[in-house]
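Trainee: This structure is in structure tokens; I'll ask about it shortly.
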Amino acid sequence: MKDKTIIHVENLTKMFGDFTAVDAITFEVKKGEIFGFLGANGAGKTTAMKMLIGISTPTSGEAQVADFNVYTNPDDIKKNIGYMSQKFALYDDLTVKENITFFGGIYGLSKKQINEKRCQLVEELGLEEVVNELVSSLPLGWKQKLAFSVALLHDPKIIFLDEPTGGVDPITRRQFWEMIYKTAHNGTTVFVTTHYMDEAEYCDRVSIMVDGKIEALDTPKKLKEQFKVDSMNDVFLKLARG
Amino acid sequence: MGIKIKNISKSYGDLKAVDAISFDVKDGELFGLIGPDGAGKTTIFRILTTLLIADEGEATVAGYDVIKDYIDIRNHVGYMPGRFSLYQDLTVEENLEFFATIFNTTIEENYDLIKDIYIQIEPFKHRRAGKLSGGMKQKLALSCALIHKPKVLFLDEPTTGVDPVSRKEFWEMLKRLQQKGITILVSTPYMDEAALCDRIALIQDGKILKVNTPKEIVKDYSKKIYDIGAGDMYELILSLKEYEHHYSVYPFGEFVHYTDKRSDFNPKELVKYLEHRNLKDITIQETQTTIEDAFMELAK
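Protein chains in written order, with the working numbering: chain A, 1 to 242; chain B, 1 to 300.
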């Protein structure tokens with residue numbers, strides 16, 4: 001299953017005036033893989049991710065995401081991926097049910113599909129008792145788990161997660177990662193950024209960006225061997241401190 | 001001196017944000033408030049910095065009462081809120097001058113205290129604060145919180161969303177400030193930062209789970225923890241959770257942290273069970289308890 005390439009990036013570059021935010025990055029992500037996309041603040045992660053999800057046009061280079069070209073078919077990319085960030089979450093003043101219905105509609109699901117998905121999702125997350133409550137009343141951890149599930153409503157081929165667990169308590173953080181494992185296990189590719197280095201270890205492969213370039217890319221195990229350290233935290237410190 | 005908190009409670013409508021919390025921070029201590037979003041950390045900070053009045057309880061900061069002596073507290077503490085709160089349309093230098101002036105001092109008078117930190121943003125002193133990068137904003141906010149040489153420094157999640165390199169540098173700065181005699185109360189959701197504090201309070205849902213040194217908190221955790229690894233993480237977690245004797249199963253970096261209900265647990269038995277579940281490359285070995293393990297057990 002993990003043989004098929006789902007993200008193909010070659011010399012992808014983005015410039016803002018004279019400033020090269022993303023500098024000719026090249027990598028591939030396989031179907032069903034959990035791919036960790038790490039880097040210091042300002043290294044260019046968000047800019048790179050924006051190009052991959054079709055909301056920012058690259059200055060040069062190539063990228064195919066879910067078999068679509070970022071230059072010519074950005075809208076097809078958007079239909080075939082899910083996206084969730086720490087900041088975005090959901091509509092606080094809609095209920096759990098309304099949020100699911102709203103996003104299901106946006107993704108073009110039929111009423112029947114939305115109802116089925118909603119029942120399934122509410123049961124899986126144990127949200128039966130709060131389904132008619134405003135999202136604002138839920139604890140952060142629940143919100144993030146709900147946001148993750150909503151981003152998967154339309155069965156995307158890839159889900160992009162931008163620091164999904166920031167500020168979340170340690171138990172919920174782990175429940176969240178169990179959801180990520182399950183998603184990848186079911187064949188959806190997971191592309192995730194995080195500042196928690198223990199989470200970097202959960203990924204199949206990890207890339208580390210420094211000043212717009214990918215300076216390391218491998219499995220956590222091999223990266224630790226390569227840099228002769230015991231943890232991903234130390235790999236990160238060695239690389240990013242230069 | 002330091003900080004004393006006795007039975008402090010605060011509710012917002014029906015929500016009890018802080019529930020009868022008590023703890024002391026000693027003079028000169030670097031004390032960490034460790035807990036997730038929504039635990040009540042910011043409410044505690046706001047009560048101690050006299051920006052919010054508690055429903056119940058008492059507190060003193062540097063010997064001053066948070067109600068009676070609120071003006072003294074404001075003169076003697078520095079506060080760096082979680083959200084960037086400087087003037088975006090003033091320059092770096094103007095922000096710093098502004099804070100120095102309202103505290104009746106000058107940048108020159110206390111330059112020594114902020115030098116380490118300010119020197120890194122001084123090349124940009126004519127840039128507007130709103131145009132700074134996240135890391136630079138943080139350094140400016142810390143400089144402004146220090147410019148009047150406070151006795152106590154309050155830092156509300158200074159490292160949230162900050163990468164590991166900058167986080168490490170920030171904690172090195174804090175240690176240097178502590179050596180200059182400043183009492184520091186800092187909050188963070190990152191459990192690995194807990195180990196860098198003299199003492200910590202673990203907090204969740206408005207309640208203190210435990211107050212102690214990081215070492216003692218880890219020592220008080222009584223169960224043996226095992227690192228378990230296997231080729232397929234997802235199957236491993238599922239299998240361990242279905243194992244009838246499991247007590248806790250938490251993914252932890254490249255391994256799963258596993259504890260067993262039984263006191264006479266035999267790892268070989270578990271390996272056999274996992275092999276039976278068709279897992280490959282199984283490894284199991286006893287491991288060190290971390291603050292995060294202790295937190296999860298207390299929060300369970």
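Positions of the beta carbon are idealized from the N, C-alpha and C atoms, including for glycine.
On the DSSP letters alone, give me the boundaries of the beta strand (DSSP E) that T101/B sits inside.
Mentor: As a first step, residue 101/B is located in the second sequence; it is residue number 101 there, counting from the start. It is not in any beta strand (DSSP E) - T101/B instead sits in the alpha helix (DSSP H) that spans V92 to I102.
Trainee: For the alpha helix (DSSP H) containing N248/A, list its first residue and its last residue.
Mentor: The shown model of chain A, from 1 to 242, leaves out residue 248/A, and the question about it has no answer.
Trainee: The alpha helix (DSSP H) with F84/B in it runs from where to where?
Mentor: Here the question's residue 84/B lines up with position 84 in the second sequence. Where F84/B is concerned, there is no enclosing alpha helix (DSSP H), given that its DSSP letter is neither H nor E.
Trainee: Between the Cα of D116/B and those of K139/B, A129/B and T106/B, spot the shortest distance and give me the residue it belongs to.
Mentor: What you label residue 116/B is simply residue 116 of the second sequence in a count that begins at 1. Out of K139/B, A129/B and T106/B, K139/B has the C-alpha closest to the C-alpha of D116/B.
Trainee: What in chain A is Cβ-close to S166/B, meaning under 8 angstroms?
Mentor: On the second sequence, position 166 is the one that residue 166/B refers to. What S166/B touches in chain A: A40 and N41.
Trainee: Could you have a look at E129/A and say whether DSSP puts it in helix, strand or coil?
Mentor: On the first sequence, residue 129/A is found 129 positions in, with the first residue counted as 1. Three-state result, E129/A: helix.
Trainee: Where DSSP assigns a beta bridge to I8/B, which residues make up the other side?
Mentor: If you number the second sequence from 1, residue 8/B lands on position 8. The partner list for I8/B (beta bridge, DSSP) reads I21/B.
Trainee: Between F236/A and chain B, is any beta-carbon pair separated by less than 8 angstroms?
Mentor: Here residue 236/A corresponds to residue number 236 of the first sequence, with the count starting at 1. It does: the Cβ of F236/A has a partner Cβ on chain B nearer than 8 angstroms.
Trainee: Taking CB distances under 8 angstroms as the criterion, tell me whether M80/B reaches chain A.
Mentor: Stepping through the second sequence from its first residue, residue 80/B is reached at position 80. Closer than 8 angstroms: no.
Trainee: Following a CB-centred definition, is E116/A positioned closer than 7 angstroms to any heavy atom of the ligand PLP?
Mentor: The ligand content of the structure shown is nil, which means the ligand PLP is not present either.
Trainee: Please name the residues in the stretch 255–267 of chain B whose beta-carbon is closer than 7 angstroms to at least one beta-carbon of chain A, in chain order.
Mentor: Within the stretch 255–267 of chain B, no residue qualifies.
Trainee: To the nearest angstrom, report how far apart P139/A and S60/A are at their CA atoms.
Mentor: Taking the first sequence and counting its residues from 1, one reaches residue 139/A at position 139. Taking the first sequence and counting its residues from 1, one reaches residue 60/A at position 60. Their backbone Cα atoms lie some 42 angstroms apart in a straight line.
Trainee: Using only the alpha-carbon positions, how far apart do N212/B and E98/A sit?
Mentor: As a working mapping, residue 212/B is identified with position 212 in the second sequence. As a working mapping, residue 98/A is identified with position 98 in the first sequence. Their backbone Cα atoms lie some 44 angstroms apart in a straight line.
Trainee: Would E10/A count as contacting chain B if we go by Cβ distances under 8 angstroms?
Mentor: Counting from one through the first sequence, the residue named residue 10/A turns up at place 10. By this cut-off, E10/A is not an interface position.
Trainee: In three-state DSSP terms, what is V162/B?
Mentor: As a position in the second sequence, residue 162/B is number 162, starting the count at 1. Coil, per DSSP.
Trainee: Which runs of the alpha helix (DSSP H) spanning at least 4 residues fall entirely within the stretch 40–114 of chain A, listed in chain order?
Mentor: Entirely contained in the stretch 40–114 of chain A, the alpha helix (DSSP H) runs reaching 4 residues are, in chain order, 45–52, 74–80 and 96–106.
Trainee: For V61/B, which beta-bridge partners are listed by DSSP?
Mentor: On the second sequence, residue 61/B is found 61 positions in, with the first residue counted as 1. The partner list for V61/B (beta bridge, DSSP) reads I3/B and Y64/B.
Trainee: Taking C-beta pairs closer than 7 angstroms, name the residues in chain B that H185/A reaches, listed in chain order.
Mentor: Position 185 of the first sequence, counted from the first residue, corresponds to residue 185/A. Those are Y234, listed as they occur along chain B.
Trainee: Buried or exposed for H126/B, going by 16 or more other Cβ atoms inside 10 Å?
Mentor: By one-based count along the second sequence, residue 126/B stands at place 126. Exposed, by the Cβ-count rule.
Trainee: Leaving out the 5 sequence neighbours to the left and right, which residues in its chain are closer than 8 angstroms to P215/A when beta-carbon positions are compared?
Mentor: The sequence position of residue 215/A within the first sequence is 215, counting from 1. As written in the sequence, residue 215/A is Glu, which differs from the Pro given in the question. If we look at E215/A and ignore the five residues flanking it on each side, its Cβ neighbours are I208, M209 and L239.
Trainee: Which residue's Cα is closest to the Cα of N132/A: V96/A, V70/A and A24/A?
Mentor: Along the first sequence, read from residue 1 onward, the residue named residue 132/A stands at position 132. Ranking V96/A, V70/A and A24/A by Cα distance to N132/A puts V96/A first.
Trainee: Can you list the residues of chain A that E292/B reaches, using a CB-CB cut of under 7 angstroms?
Mentor: In the second sequence, the residue the question calls residue 292/B occupies position 292. The answer, in chain order, is P170.
Trainee: Look at the Cβ atom of R205/A, then the Cβ atom of T219/A, and state whether they are nearer than 8 angstroms.
Mentor: Along the first sequence, one-based indexing puts residue 205/A at 205. Along the first sequence, one-based indexing puts residue 219/A at 219. In contact: R205/A and T219/A (Cβ atoms closer than 8 angstroms).
Trainee: Helix, strand or coil for F160/A? Go by DSSP, reduced to three states.
Mentor: Position 160 of the first sequence, counted from the first residue, corresponds to residue 160/A. Three-state result, F160/A: strand.
Trainee: State the start and end residues of the unbroken alpha helix (DSSP H) segment that holds K31/A.
Mentor: Taking the first residue of the first sequence as position 1, residue 31/A is located at position 31. Here K31/A belongs to no alpha helix (DSSP H), and DSSP marks it neither H nor E.
Trainee: Cα separation between T189/A and K14/A?
Mentor: The residue given as residue 189/A occupies position 189 in the first sequence. The residue given as residue 14/A occupies position 14 in the first sequence. Rounded to the nearest angstrom, the two C-alpha atoms are 24 angstroms apart.
Trainee: Give every residue of the same chain whose Cβ lies closer than 6 angstroms to the Cβ of F84/B, excluding the five residues on either side of it in the sequence, and list them in chain order.
Mentor: Numbered from its first residue, the second sequence carries residue 84/B at position 84. Counting only Cβ-Cβ distances below 6 angstroms, and skipping sequence neighbours, we find K137.
Trainee: Expressed to the nearest angstrom, what Euclidean distance is found between the alpha-carbon atoms of Y83/A and H76/B?
Mentor: The residue labelled residue 83/A in the question sits at position 83 within the first sequence. The residue labelled residue 76/B in the question sits at position 76 within the second sequence. Looking at the two C-alpha atoms, the distance is approximately 45 angstroms.
Trainee: Our contact map puts K221/A next to E108/B with C-beta atoms below 8 angstroms; I'd like the distance itself, whole angstroms only.
Mentor: In the first sequence, residue 221/A corresponds to position 221, counting from 1. In the second sequence, residue 108/B corresponds to position 108, counting from 1. 53 angstroms between Cβ atoms; not a contact.
Trainee: Looking at the C-beta of M197/A, does it have a partner C-beta in chain B at a distance below 8 angstroms?
Mentor: Residue 197/A sits at position 197 when you count from the first residue of the first sequence. Output row for M197/A: interface = yes.
Trainee: If you draw a straight line from the alpha carbon of D198/B to that of L174/B, how long is it in whole angstroms?
Mentor: Within the second sequence, numbered from 1, the residue matching residue 198/B stands at position 198. Within the second sequence, numbered from 1, the residue matching residue 174/B stands at position 174. In a straight line, the C-alpha of D198/B is about 12 angstroms away from that of L174/B.
Trainee: With DSSP collapsed to three states, give me the class of F148/A.
Mentor: Residue mapping note: residue 148/A aligns to position 148 of the first sequence, counting from 1. In this structure, F148/A counts as helix in the three-state DSSP scheme.
Trainee: For the candidate residues D18/A, K45/A, A24/A and F236/A, whose alpha-carbon lies nearest to that of V9/A?
Mentor: To locate residue 9/A, count along the first sequence from 1; it is residue 9. Of D18/A, K45/A, A24/A and F236/A, the residue nearest in Cα terms is A24/A.
Trainee: Under 8 angstroms, CB to CB, which of the residues in the stretch 152–166 of chain A have a partner in chain B?
Mentor: Here the close residues are E163 and G166.
Trainee: Determine the DSSP secondary structure at E242/B, reduced to helix, strand or coil.
Mentor: Along the second sequence, read from residue 1 onward, the residue named residue 242/B stands at position 242. Helix, per DSSP.
Trainee: Pop quiz: P164/B and A195/B are said to be a contact at Cβ under 8 angstroms. What is the actual Cβ separation, rounded to whole angstroms?
Mentor: Position 164 of the second sequence holds residue 164/B. Position 195 of the second sequence holds residue 195/B. That belief does not hold up - the Cβ atoms of P164/B and A195/B are roughly 14 angstroms apart, past 8 angstroms.
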